[in-house]
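Here the structure comes first, spelled out in C-alpha cells, and everything after it is commentary.
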Amino acid sequence: MASPVRLLVCSIGNPSPYLNTLHSAGHTVITSLAATLSHPPFHKSRAYGNALVSPGPIYTLWQSSSLMNVSGTGVVAAWRQFLKDGGAEARLIVVHDELELGLGEVRVRSGNLSAKGHNGLKSIKEALSGLEYTRIGIGIGRPQSRDPDAVATYVLRKMSGVERAKIEGCVVKVEEELRKMSGAL
C-alpha cells in the first residue's frame with residue numbers, strides 16, 4: 163500500500179473579535195478537526211506565516227491569523243514551509259465559509275475555480291499565482307438580501323449555539339473527504 167499523501171489543511175477566517183462568527187466557519191471546523199484527530203494543540207509558528215499550526219503525520223492543520231481578505235500571503239508562506247518540511251507528494255486544502263450552501267453542508271471543489279466574490283479566496287488565488295488547490299466549503303447559508311452591507315452584517319455576527327453545533331458537525335464529512343484525498347482510508 164502506498165504512503166498517504168501529506169495534506170496542509172488551511173482554514174481562513176478572521177481573528178478576534180470576529181473569531182466566532184459565520185465568516186470564520188473554517189476556523190471552527192479545523193479546531194474541531196484537531197480534537198477529533200487527537201492532534202497536538204495549535205501553536206503560533208513564524209515559519210508558517212505567523213499563524214497557528216497543529217502538525218500531524220498526515221495532516222498539518224493551519225489557522226490563518228490574518229483578516230480573511232488578506233489571507234493569501236499567510237497561506238503561501240505556510241505552503242512553502244510545508245513543502246520544505248518534507249515529502250514530495252503533498253496537497254494544499256483550504257477550508258472556508260460558503261454563503262451558497264445551506265448551514266452545515268460541505269462541498270469539495272478542486273482546480274482553478276472562481277472565488278465567486280469570496281475575498282479570502284481571491285487573496286489566496288492571487289498569492290498562489292495559478293497553483294491549484296482543493297477547497298472545502300462549509301455552508302453558512304445566506305441572508306435574504308444580497309445587499310453587500312446585509313451580507314457583511316450576516317457573516318460577521320456571532321454564531322448562535324445551534325449554528326455552531328451544525329458547523330462543528332461538518333467535521334465528520336470533512337475528515338472523510340481528507341482521508342480520501344490523502345489515501346489514508
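The opening residue of the sequence shown carries number 163 in my numbering; numbering runs sequentially from there. Using N, Cα and C, we set each Cβ at its ideal position, and we do this for glycine too.
Only counting the same chain, and skipping five residues up and downstream in sequence, which positions put a Cβ closer than 7 Å to that of residue i?
i           : result
residue 285 : 231, 232, 233, 234
residue 239 : 210, 211
residue 185 : 175, 176, 230, 259, 317, 318
residue 188 : 173, 174, 175, 257, 258, 259, 300
residue 192 : 171, 173, 223, 225, 257
Just mark residue i as buried or exposed, buried being the case when its beta carbon has 16 or more other beta carbons within 10 Å.
i           : result
residue 293 : exposed
residue 190 : buried
residue 137 : Residue 137 lies beyond the range of the chain shown here (163 to 347); nothing can be said about it.
residue 278 : exposed
residue 307 : exposed
residue 291 : exposed
Among the options, which one has its Cα closest to the Cα of residue i?
i           : options            : result
residue 295 : 223, 257, 346      : 257
residue 281 : 253, 310, 303      : 310
residue 261 : 246, 244, 283, 208 : 283
residue 374 : 303, 339, 312      : Only positions 163 to 347 of the chain appear in the structure, and residue 374 is not among them; the question remains open.
residue 218 : 200, 273, 180      : 200
residue 329 : 290, 194, 179      : 194
residue 220 : 272, 228, 248      : 248
residue 178 : 205, 204, 228, 164 : 228
Keeping to the same chain, check which residues put their C-beta closer than 8 Å to that of residue i; ignore five residues upstream and five downstream.
i           : result
residue 335 : 268
residue 252 : 167, 168, 169, 170, 244, 245
residue 313 : 261, 304, 305, 307
Cutting at 6 Å between CB atoms, please list the residues of its own chain near residue i, excluding the five before and the five after it.
i           : result
residue 196 : 216, 223
residue 270 : 298, 339
residue 207 : 215
Would residue i and residue j be called neighbours here (beta carbons separated by less than 9 Å)?
i           : j           : result
residue 202 : residue 346 : no
residue 321 : residue 182 : yes
residue 237 : residue 214 : no
residue 337 : residue 198 : yes
Notebook entry, point to check: Are three or more beta carbon pairs between the stretch 262-274 and the stretch 310-317 nearer than 8 Å?
Noted result: no
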